[in-house]
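Colleague: The opening residue of the sequence shown carries number 2 in our numbering; numbering runs sequentially from there.
Every residue gets a Cβ at the ideal spot worked out from N, C-alpha and C, and that includes glycine.
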Amino acid sequence: MTEHAGLAAWVKEVETLCTPDKVHWCDGSTKEYDEMMQLMVASGMATKLDESSFPNCYLFRSDPSDVARVEGRTYIACREEENAGPTNNWIDPDQLKETMRGLYQGCMKGRTLYVIPFSMGPIGSPIAKIGVQISDSPYVVTNMHIMTRVGTRVLEVLGSAGEFIPCLHSIGAPLEPGQEDVPWPCAPVEKKYISHFPDENLIWSYGSGYGGNALLGKKCLALRIASVMARREGWMAEHMLILRLTNPEGRRYHIAAAFPSACGKTNLAMLQPSIPGWKCECVGDDIAWMKIGGDGRLHAINPEAGFFGVAPGTSYDSNPMAMDTLKSNSIFTNCVLTDDNKVWWEGMDEPCEHGIDWKGREWTPASGEPGAHPNSRFTAPAKQCPAICPDWEDPAGVPIDIFVFGGRRASVVPLVRQALDWDHGVYLGASATSEVTAAALDIKAKLRRDPFAMLPFCGYHMGDYLQHWFEMGDKLGDKAPKVFYVNWFRKTEDGRWLWPGFGENARVLKWMCERIDGKVDAVETSIGLMPTADGLDLEGLDIPAADVEELLRVDDNAWKAELPDLREFFAKFGDRLPPRMQAQIERAEQFQRA
Ligand code: GTP
Ligand code: SPV
Ligand code: MN
2 MTEHAGLAAW VKEVETLCTP DKVHWCDGST KEYDEMMQLM VASGMATKLD
52 ESSFPNCYLF RSDPSDVARV EGRTYIACRE EENAGPTNNW IDPDQLKETM
102 RGLYQGCMKG RTLYVIPFSM GPIGSPIAKI GVQISDSPYV VTNMHIMTRV
152 GTRVLEVLGS AGEFIPCLHS IGAPLEPGQE DVPWPCAPVE KKYISHFPDE
202 NLIWSYGSGY GGNALLGKKC LALRIASVMA RREGWMAEHM LILRLTNPEG
252 RRYHIAAAFP SACGKTNLAM LQPSIPGWKC ECVGDDIAWM KIGGDGRLHA
302 INPEAGFFGV APGTSYDSNP MAMDTLKSNS IFTNCVLTDD NKVWWEGMDE
352 PCEHGIDWKG REWTPASGEP GAHPNSRFTA PAKQCPAICP DWEDPAGVPI
402 DIFVFGGRRA SVVPLVRQAL DWDHGVYLGA SATSEVTAAA LDIKAKLRRD
452 PFAMLPFCGY HMGDYLQHWF EMGDKLGDKA PKVFYVNWFR KTEDGRWLWP
502 GFGENARVLK WMCERIDGKV DAVETSIGLM PTADGLDLEG LDIPAADVEE
552 LLRVDDNAWK AELPDLREFF AKFGDRLPPR MQAQIERAEQ FQRA
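1. On the three-pair Cβ rule with 8 Å, is the stretch 104-116 touching the stretch 132-140?
2. Alpha carbon to alpha carbon, what distance is there between serine 209 and glutamate 181?
3. Which residue or residues does DSSP assign as beta-bridge partners of glutamate 363?
4. Buried or exposed: where does glutamine 468 fall if 16 or more other Cβ atoms within 10 Å of its Cβ makes it buried?
5. Enumerate in chain order the residues of its own chain whose CB-to-CB distance from proline 387 is below 8 Å, with the five nearest sequence positions on each side excluded.
6. Taking only beta-carbon atoms, is tryptophan 393 less than 9 Å away from chain C?
7. Please confirm whether arginine 359 and cysteine 336 have their CB atoms less than 9 Å apart.
8. Assuming leucine 18 and tyrosine 105 make a contact with CB atoms under 8 Å, what is their CB distance in whole Å?
9. Are there any heavy atoms of the ligand SPV lying less than 8 Å away from the beta-carbon of aspartate 1, as far as the coordinates show?
10. So the candidates are Ala589, Ala546, Leu552, Asp556; which of them puts its Cα closest to the Cα of proline 565?
11. Ignoring anything shorter than 4 residues, give me the alpha helix (DSSP H) runs that lie fully in the stretch 178-223, in order along the chain.
12. What residues sit near the ligand SPV, counting only those whose C-beta is closer than 6 Å to one of its heavy atoms, in chain order?
13. So asparagine 144 packs on threonine 380, CB below 8 Å; how close in whole Å?
14. May I ask you to report which of helix, strand or coil DSSP gives valine 142?
15. Considering just the uninterrupted stretch of the beta strand (DSSP E) at alanine 289, what are its terminal residues?
16. Examine the ligand MN and report whether any of its heavy atoms sits within less than 8 Å of the Cβ of histidine 5.
17. State yes or no: is the C-beta of lysine 266 nearer than 8 Å to some heavy atom of the ligand GTP?
18. Quickly, what does DSSP pair methionine 492 with across the bridge? List them, please.
19. Rounded to a whole number of angstroms, what is the C-alpha to C-alpha distance between valine 15 and serine 161?
20. Identify whether glycine 73 lies in helix, strand or coil by the three-state DSSP scheme.
21. Cα-Cα, which of Phe490, Gly163, Ala523 is closest to histidine 5?
22. If we ignore side chains and look at the alpha-carbon of each, how far apart do valine 1 and isoleucine 332 end up?
23. Where arginine 554 and aspartate 392 are concerned, what is the direct C-alpha to C-alpha distance, given to the nearest angstrom?
24. Looking at the unbroken alpha helix (DSSP H) that takes in glutamate 239, where does it start and where does it end?
25. Hey, how far is the Cα of valine 405 from the Cα of methionine 241?
26. Report all residues from its chain with a CB closer than 6 Å to the CB of arginine 64; omit the five preceding and five following residues, and keep chain order.
27. Does the pairing of the stretch 455-463 with the stretch 72-88 give three or more beta-carbon distances under 8 Å?
28. Looking only at C-alpha atoms, which of Arg508, Arg568, Ala523 sits nearest to alanine 420?
29. Between the stretch 300-312 and the stretch 257-269, do at least 3 Cβ pairs fall closer than 8 Å?
30. In the structure shown, what three-state DSSP assignment does methionine 349 receive?
31. Return the chain-ordered ranges of every beta strand (DSSP E) run that is complete within the stretch 413-440 and spans a minimum of 3 residues.
32. Look at the Cβ atom of alanine 626, then the Cβ atom of isoleucine 389, and state whether they are nearer than 9 Å.
33. Would alanine 129 and proline 382 be called neighbours here (beta carbons separated by less than 9 Å)?
34. Among residues of its own chain, excluding the 5 on either side of histidine 374, which ones have a beta-carbon nearer than 7 Å to its beta-carbon?
35. If we call anything under 9 Å between Cβ atoms a contact, is arginine 491 one with glutamate 550?
36. Exposed or buried, which one is glutamate 1 when buried takes at least 16 other CB atoms within 10 Å?
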């Protein structure tokens, strides 16, 4: 319970609206976590994995309709429609609340209402923000235990009048007396709403139990609501990993990188450099909150406490640090259950001959479909990562030297290039494109523009967001991080990866570090500064020279062909497109004409 009158009143109000059978205030303890897992095993929602191979780990299978974020059902309900901008869905906040109140009416019947006080960022840190999530999903409670700092200590910090962000969540599946529950209750897609009310720092989510739709501290609070607060208060909330790279001489570099969902953040954050003497440590794998410190530099913290990582493709070969992180005290969703009660997914080191797939059906490699859903995920405590940075919970954050943008592109976009200056860097981030992945359920396009990997996560007008980036650059001046753009995903015509990726990506990061130290030259091209023929350290890497040449090739015709689409995309921003972005587009067009 709480001494906070505002919180108590809100919980009472929700209780009256949603009519749960019980109310449970979460204390964040291990005992609470264990009891909830036991409850879910008993109800058939969770499967306990083999204790000797995966101690204290559980597998869940979601409803086949509830497997990823639903961008088409995600709303930024600010007062004025034009402030949501052309890249967000908008509904008038009063109207949306009326619709959702109708849905919330009695929606927790037969269920328990959990009150989850949580902190994004270390509890009590001046940069941390407190949220309180109400949810009727015990799965959400256990995931929040891992992904955020949950519990009584948060209520203590909140005191009797502290500020918190209310996050209301229901799976939208009331139980009538005698009605049998299903393993993964949720509402049909047309009743799902992931709603944000940025004018009042409020989040209402209904109908989904999966990932960013339901773990409201993550995308809803730490990105959509926080991005609005950050603009107002002069800081940044970004969809970025944070890592520390140390060179053989012991010099440290801090890198923050924005790639769209399922495009390599977790992997890069836990990189094991293939080049001798270089060390990489992970600060965060998905979200960065960054403020200008007393030294005038940009300092980043990871507001999360766990990783909600893409399972397929994760292996000891590709990401050993993630594999060591997730082997205990973790939750798995939509993976394969093997005959010896372990989890498996496509791309894991050893093949799986037989098991139960994510839909609960018998599965073999001959089944003709992946056994794990492409957006199957692990939820694992960050502190278990062997490569976690000793300073990952430092409230002061780490000073960022380098920003990296990128996306998944089979063609055109080269392995790496450096921006000419800050404004060009903002242009590179803003013009990012990526092939669409399984992380969003309802996006049919193959390729899309995803500025700063924030398209689904920016809580206000994207034109104003670009302006905010320009203004942050002005404030940082010569202390602004240097900007780069990468693409690990270029392929040959017959579909082979040109770049080995993963630990070898350290070679590209090394080039960036040498660039900012002025140790290595670059070639100026129409799209930015590129490595010279011998600029990248490729020692010990078995890669054909022709592949390297292709990875660094700038096809001016292909770039030119993309400009009309870029112009059309930015035209939607109308008079909110910053003149400095307009100038960058014109510069790009001029380059391509020359
Ligand atoms: P979200 O959690 O959705 O925000 O995704 P993320 O950006 O953290 O993506 P993640 O690192 O989980 O990578 C997604 C997929 O891309 C996985 O299947 C990885 O194995 C694969 N991947 C990551 N890095 C590389 C790389 O360097 N090369 C190749 N070919 N694949 C990669
Ligand atoms: C993403 O989609 O970018 C994720 C997973 O990190 S979710 O938490 O579902 O948004
Ligand atoms: Mn993400």
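Modeller: Let me lay it out:
1. yes
2. 19 Å
3. Ile357
4. buried
5. Met322, Asp325, Thr326
6. No chain C is part of this structure, which consists of one protein chain only.
7. In the sequence as displayed, the identity of residue 359 is tryptophan instead of arginine. Contact: yes.
8. 5 Å
9. It is not possible to answer for residue 1, since the shown part of the chain is limited to 2 through 595.
10. Ala589
11. 212-215
12. Arg70, Gly212, Gly213, Lys219, Lys220, Ser262, Asp287, Phe309, Ala440
13. 5 Å
14. helix
15. 289-293
16. no
17. yes
18. Before going further, note that residue 492 is lysine rather than methionine in the sequence given. DSSP output for lysine 492 lists Trp498 as bridge partner(s).
19. 19 Å
20. helix
21. Gly163
22. In the structure displayed, the chain extends from 2 to 595; residue 1 sits before or after that span and is not available.
23. 39 Å
24. It is not in any alpha helix (DSSP H) - glutamate 239 instead sits in the beta strand (DSSP E) that spans 237-239.
25. 9 Å
26. The identity of residue 64 in the sequence shown is aspartate, whereas the question assumes arginine. If we look at aspartate 64 and ignore the five residues flanking it on each side, its Cβ neighbours are Trp185, Cys187.
27. yes
28. Ala523
29. yes
30. coil
31. 417-419, 434-436
32. The structure shown does not extend to residue 626, since the chain is modelled only from 2 through 595, so no value can be given for it.
33. no
34. Val68, Asn335, Trp359
35. no
36. Outside the displayed range of the chain (2 to 595) lies residue 1, so it cannot be described from this structure.
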